[in-house]
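In this text, residue positions in the sequence shown follow our numbering: the first is 28, and each later residue adds one. Glycine included, C-beta positions come from ideal geometry on N, C-alpha and C. Before any comments, here is the structure.
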Amino acid sequence: DGTLFNEDEMREYTDKEISQFLQDDKIDKDTARTVKRLLSEGKL
């Protein structure tokens, strides 16, 4: 189907993990917002 990974390999990120990424400055707030939106829409 053209996907680079299967759903078994997908990892769910919790709000706590996303907050930790923000604290660690690994991703910026806009990126976190986008990730959370896509997760909530089931696109990630």
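As assigned by DSSP and simplified to three states, the class of Glu44
In the structure shown, Glu44 sits in a helix (DSSP, three-state: H, G or I).
How is Leu49 classed by DSSP in three states: helix, strand or coil?
Annotated three-state conformation of Leu49 is helix, per DSSP.
Who are the near neighbours of Glu44 in its chain, counting only those whose CB is closer than 6 Å to its CB and skipping five residues on each side?
For Glu44, where only same-chain residues beyond five positions count, there are no Cβ hits under 6 Å.
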